[in-house]
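K.L.:
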Amino acid sequence: MISQDRIGVVAIGRNEGERLRTCLRSLVGRAGAVVYVDSGSTDGSVALARSLGAEVVELDLALPFTAARARNAGFERLRQVLPAVEFVQFVDGDCEVRSGWLADAIAAFEGQPRWAVVCGRRRERRPEASVFNRLCDIEWDTPVGEASACGGDALMRVVAFVEVGGFDDSLIAGEEPEMCVRMRRHGWTIHRLAAEMTWHDAAMTRLGQWWKRTVRAGHGRVYRHCRRRGLSQADAARYAAFTTLGKFPGLVGQLQYWGNRLLRRRTRLIEYKGAAA
998 MISQDRIGVV AIGRNEGERL RTCLRSLVGR AGAVVYVDSG STDGSVALAR SLGAEVVELD
1058 LALPFTAARA RNAGFERLRQ VLPAVEFVQF VDGDCEVRSG WLADAIAAFE GQPRWAVVCG
1118 RRRERRPEAS VFNRLCDIEW DTPVGEASAC GGDALMRVVA FVEVGGFDDS LIAGEEPEMC
1178 VRMRRHGWTI HRLAAEMTWH DAAMTRLGQW WKRTVRAGHG RVYRHCRRRG LSQADAARYA
1238 AFTTLGKFPG LVGQLQYWGN RLLRRRTRLI EYKGAAA
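Numbering (our numbering), first residue to last: 998 to 1274.
(1) Is T1019 helix, strand or coil when you go by DSSP?
(2) Let me make sure I understand the geometry here. Which of R1120, A1100, A1067, R1258 has the alpha-carbon closest to that of S1036?
(3) If you follow the alpha helix (DSSP H) that A1100 is part of, which residue opens it and which one closes it?
(4) Below 6 Å CB to CB, which residues in the same chain sit around A1273 once its five sequence neighbours on both sides are set aside?
(5) Exposed or buried, which one is V1094 when buried takes at least 16 other CB atoms within 10 Å?
(6) Report the rounded CA-to-CA distance for E1268 versus S1167, giving the unit in angstroms.
(7) Which residues in the same chain have their Cβ closer than 7 Å to the Cβ of G1227, if we skip the five residues on either side of it in sequence?
(8) Could you give the C-beta distance for L1079 and A1113, rounded to a whole number, given that I count them as a contact under 8 Å?
(9) Taking three-plus beta-carbon pairs below 8 Å as touching, is the stretch 1122-1139 in contact with the stretch 1051-1059?
(10) Would G1005 and S1042 qualify as a contact pair, given that the criterion is a beta-carbon distance under 9 Å?
(11) Hey, which unbroken runs of the beta strand (DSSP E) at 3 residues or more fall wholly within the stretch 1125-1176?
(12) Counting only the same chain and skipping the five closest in sequence on each side, list residues whose C-beta sits under 8 Å from that of R1047.
(13) Cα separation between R1203 and C1133?
(14) Reducing DSSP to helix, strand and coil, say where Y1269 ends up.
(15) Taking the alpha carbon of M1201 as the reference point, which residue from V1155, V1082, E1121 has its own alpha carbon closest?
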């Protein structure tokens, strides 16, 4: 069994308030070191994290915040304070890690030298509070077994993380699947366990919150698919951007189609190329 001083934690957050307290309390004392990375919080998160015994990294406000950047910065501090670390648990500051998760995850790595990442069941803390929370809980329920990617909460083998260069700081979404693509190309594998991993607190009760989250996700999902197909980062980014933008004219086309059907009008050919010169 891996000793506790070879397991580290990187938690990231911004203005998480009491959710951060719950997150860090679920981890402090269960690993060799817990590092909290703060992205410009104004709610006292930094002082709270220090009072709970976490190492704190405050990101430079002059540079754009991304979860990928925060996780990379936390990982670098973790290796400074815990040089012998072999596994790192990444977790978002609005999540509580279940009591048996780290033991279950470490046990799963035993005898599996090419496993890079394990993740478990992430549940929404209050799925009954809103339809948006319920949608999150459904989203988290991914198949058990070998997977193509993980989410923001996962236990990773340090040597694999280092080999692929960690997360891509420039991505504002989809950074975990993108890194998993690189890991798989290096011969590593990603696995989803049946074990309970985290409780997530989305606290999404308004349509506007869901809308913003979906806009952010739109930046990452298509990009991830393209990278899995082998496209370069530049081509994947272009394709993802225009595919996302294409949802709007696509909606116009659907509305026109159904409008014509309801009015019993014949749909005419739509040409996008002009006459040849």
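Idealized CB from N, CA, C, for every residue including glycine.
P.N.:
Working from what's here:
(1) Locating residue 1019 in the sequence shown gives position 22, counting from the first residue. Three-state DSSP puts T1019 in a helix.
(2) Mapped onto the sequence shown, residue 1036 falls at position 39. Answer by Cα proximity: A1067.
(3) Counted from its first residue, the sequence shown places residue 1100 at position 103. It spans 1098-1106 - the alpha helix (DSSP H) in which A1100 sits, taken as one unbroken run.
(4) By one-based count along the sequence shown, residue 1273 stands at place 276. Caution is warranted here: a pLDDT of 40 is assigned to A1273, below 50, making its placement in the model unreliable, and no coordinate value can be reported.
(5) Locating residue 1094 in the sequence shown gives position 97, where the first residue counts as 1. Classification for V1094: buried.
(6) By 1-based counting over the sequence shown, the position of residue 1268 is 271. By 1-based counting over the sequence shown, the position of residue 1167 is 170. Interpretation of E1268 is limited by its pLDDT of 43, a score under 50 that renders its predicted location unreliable; no figure is taken from the coordinates.
(7) If you number the sequence shown from 1, residue 1227 lands on position 230. Result list for G1227: empty, nothing under 7 Å.
(8) Within the sequence shown, residue 1079 is the residue found at index 82, counting from 1. Within the sequence shown, residue 1113 is the residue found at index 116, counting from 1. Actually they are not in contact, since the Cβ atoms of L1079 and A1113 sit about 19 Å apart, beyond 8 Å.
(9) no
(10) Mapped onto the sequence shown, residue 1005 falls at position 8. Mapped onto the sequence shown, residue 1042 falls at position 45. Cβ atoms of G1005 and S1042: not closer than 9 Å.
(11) 1142-1144, 1151-1154
(12) Counting from 1 along the sequence shown, the entry for residue 1047 is found at position 50. Here the set comprises V1053.
(13) Residue 1203 sits at position 206 when you count from the first residue of the sequence shown. Residue 1133 sits at position 136 when you count from the first residue of the sequence shown. Taking the straight line from one Cα to the other gives about 14 Å.
(14) Residue 1269 sits at position 272 when you count from the first residue of the sequence shown. For Y1269, the predicted structure reports a pLDDT of 36, less than 50, and the residue's modelled location is therefore unreliable. A value from the coordinates is still provided. Y1269 falls in the coil class under three-state DSSP.
(15) Numbered from its first residue, the sequence shown carries residue 1201 at position 204. For the residues V1155, V1082, E1121, the minimum Cα distance to M1201 belongs to E1121.
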